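These protein sequence lines map, in sequence, to chains A and L.
All the letters of the first sequence, read from the start, carry residue numbers 255 to 572 under my numbering.
All the letters of the second sequence, read from the start, carry residue numbers 1441 to 1660 under my numbering.
No residue lacks a Cβ here, since even glycine has one placed at the ideal position from N, Cα and C.
Since the structure is predicted, the reported quantities are computational estimates derived from the model, not experimental observations.
To start, the structure under review is shown below, and the notes come after it.
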Amino acid sequence: MFPENPFPDVDPEEFHKLNKKEVTEDFVSENLRNAGWKVSSFFADTGIDRMISKRVCPNNHTSILEGSVGEKCPDCDADTIEIRRFLQIKTREVKGDKNMFGFTLTPSDFRTDPRHTFVLYSDNTRDIMFISVYEYLKFFKEIDYQWHSTPTFKQGNGKLNNWRYDESSDKWYFTHGRGRGNNYSWEEYRNDEGLKKMQNPEIDKNLEEYIEKTKSLKMEEFKKLKSGRTFDEEPVEEINDALEILKNKDRSKILEERKDTIHFMEENLGSSVKKSIQDSYWFKYKNLNIKKNDYREKSKRNAIQETLDIEEENEGGF
Amino acid sequence: MRIELKSLAYFFVANDFEVYINEKNEETIYVSQLVCTECLSPWYMELQECLLCGMVHPYIKKCPSCGKIVSTTNTRSKCNECDEEFIYPCLNDKCPSNQEGNIRSATLYTNSYSRKKGVFARNSVFSTSMNFCLNCGNESNRYITREVFLETIDDEIDTNLQKSQLTKYNQEAINRGDSLLIIKDDTGEYSANRGHELSDEETLELNEFKEKIDIEKFYD
């Protein structure tokens, strides 16, 4: 049975939204431990809530509730491999008559490493959904729901309230629009089914291939803009043409333009502005640096040098 | 958590690595970093870049009338010379947002969440999380993770160490593809070694001891 309540002395509903983060993350952790995963939590908060690992058969013979296996798979004698997942846990309650469930993901949540996994935990129905960033983007492409091209998503403040728990059938759906045709089952990501999918070592064995696939799915959706209430058709068409050009642009050109722009900033911004950019913001990024010396000082030095050169030439002439 | 291990964890935090601890295992820590898949440079998901050209966030605001540029740390919302509202533009002159036309107008659209204008205004549609590596321009990233084992030896040692001088637990690091074994000697110097580089002989040939932990070993 997965998941089970590891904390029988307290009902999950006794927590309110301000004090439940820890217990819900712990609920997920303890259940994963029971399923044989080594669970590590962050030492300093960085956005990944848990990193988990498990030794499994590369031919997927390890059962989801089995602990880490040894060096060899007992079923097929293959050398086992250690797989890792990086979990971002979102806990919400299903709400309203229709048992809707929603959460916010922003562009900065989408790595191209398919081991990055979104864990959506519905605490009042005690269901956990596991979905990798690759599967998540693939799901949206397959149902042709271009959420990641919308201005709302790009602005980073759009909550997607489209998951629904159907109590009568005990099933989870992603739903948009009206009618049965727009209900898409999420059962394959739920509880033991989701765990099975997450434990499948296919992405670990072919990591490069899946990184490439995730990148392609991401670029397709992220480098596109949908019109709507925010923008009219005409600018959106032009914006999409520009994004298409960027998608196909040689990366050396992108780097060259970045370099030229930073050079422009070095030459044209005042020293206090440059100091502020470097010391307040860019200091944390390797390979991103603005030289802070004042261009006016440099011009002055150049002018003095030129005068000296002319004087030297004149002296030589006499 | 052992204080020596905690100190090591803070060393990695200070060097922009993510550190994870397993409460069931107090012997090691996990150290991880999101990096470019090609050049292994760090990847910063929180760094904003222009959706239209890939230029990084310049953290400036500009007067649309006189062109004066000030830092975003400046609290004024208007130019003190022209009294115009500042905009938050991309500074790449080749960016489509800086060419006259519909795209430029769209980037100056005022949305309902933020009254600010420009590619890098708060809640702008046109700024996005880093898509192109700062070093090589590549578009994909991956995690690199190492399990870090720490051994403190109460002797000054050269680069040869008997395997038996390691704790039994730390001997497990040898030959492991994802391990990083750090040996600290009594002079306070460190030798950083990838597990797969250490052969399973009785005498281990360690990397040179240095005053600081050689962070480059993480990427080997």
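Beyond the five residues adjoining it in sequence on each side, Asp1456(L) comes within less than 8 Å, by CB distance, of Gln1473 and Pro1482 in the same chain, given in chain order.
Judged by pairs of C-beta atoms under 8 Å, the region 409 to 419 of chain A touches the region 354 to 365 of chain A, as three or more such pairs exist. Judged by DSSP secondary structure, Glu511(A) falls within the alpha helix (DSSP H) whose first and last residues are Arg505 to Asn522. Look at Asp333(A) here: in three-state DSSP terms it is strand.
Pairing Glu491(A) with Ser376(A), the inter-Cα distance amounts to about 39 Å.
Collapsing the DSSP output to three states places Tyr427(A) in a strand. For Tyr1549(L), the secondary structure class from DSSP, reduced to helix, strand or coil, is coil.
Every alpha helix (DSSP H) stretch that sits fully inside the region 390 to 467 of chain A and reaches 4 residues is listed by chain position as 405 to 409, 445 to 453 and 456 to 459. Of all residues in the region 348 to 376 of chain A, only Thr360, Pro361, Ser362, Asp363, Phe364, Arg365, Thr366, Asp367, Arg369 and His370 come within less than 8 Å of chain L when Cβ atoms are compared, listed by chain position.
The bridge partners DSSP lists for Gln1473(L) are Ile1584(L). Using a CB distance cut-off of 7 Å, Phe485(A) counts as an interface residue toward chain L. In chain order, Ser307 and Arg309 place their CB closer than 6 Å to the CB of Glu336(A), counting only its own chain and leaving out the 5 sequence neighbours on each side.
With a threshold of 7 Å between beta carbons, Gln532(A) makes no contact with chain L. Interface flag for Tyr1609(L) against chain A is unset, since no Cβ pair is found closer than 7 Å. As DSSP reads the structure, Lys1508(L) sits in no beta bridge.
Contact annotation for Lys1534(L) against chain A: Glu511 [CB-CB distance below 7 Å, chain order]. Tyr1450(L) places its beta carbon 7 Å or farther from that of Tyr1460(L). For Pro1529(L), no CB of chain A lies under 7 Å from its own CB, so it is not counted at the interface with that chain. Short of 6 Å from the beta carbon of Phe407(A), and not among the five residues preceding or following it, lie these beta carbons of its own chain, in chain order: Trp401.
Taking a contact as a CB-CB distance under 8 Å, the pair Phe1566(L) and Ser1537(L) counts as one, their CB atoms being some 7 Å apart. DSSP places Thr1643(L) inside the beta strand (DSSP E), whose first and last residues are Thr1643 to Glu1645. In the structure shown, the three-state DSSP call for His1497(L) is coil. The beta-carbon of Lys275(A) is placed no less than 7 Å from the nearest beta-carbon of chain L. In the structure shown, Glu1656(L) adopts helical secondary structure according to DSSP, grouped into three states. Under the Cβ criterion of 7 Å, Glu1540(L) is not counted among the residues facing chain A. Straight-line spacing of the CA atoms in Leu509(A) and Gln409(A) works out to 25 Å.
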